[in-house]
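Notes follow the structure.
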Amino acid sequence: DNSPTLKHWSEELKAEFPLLSDFMRKASASYGVLIPERGIANRTTFVIDTEGIIQHIDEGSAAIDITGAATACSRVRKKE
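Residue numbers (my numbering): 3 to 82.
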């Protein structure tokens, strides 16, 4: 999504974590979630720790509900 859309969602969800705007689709290609023939990414949430290591992934409909990612964020914070 573009930055204004993400800003809206971040405010509406009261997100306490950054959301990535990938308008040029470089990150989605790098993370293997780009669907090139459609020019879109599979809806995906990555929880990345302070060392840059992916700790949790939600894809598809699971990525729309932030419960799984929020729980994973809490677990990561407790480990750090």
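Heads up, the beta-carbon is just placed ideally off N, CA and C, and yes, glycines get one too.
Gln57 sits away from Ile66, with the two beta carbons spaced by 8 angstroms or more. Put simply, of Glu82, Ser30, Glu61 the residue whose alpha carbon is nearest the alpha carbon of Glu53 is Glu82. Relative to the Cα of Ala17, the nearest Cα in the group Arg79, Leu36, Ile68, Ser63 belongs to Ile68. Around Leu21, the same chain offers Leu8, Ser12 as residues with beta carbons nearer than 6 angstroms, after the five sequence neighbours per side are excluded. Distances from the CA of Phe25 to each of Gly62, Phe48, Ile42, Ala74 were compared; the closest alpha carbon is that of Ile42.
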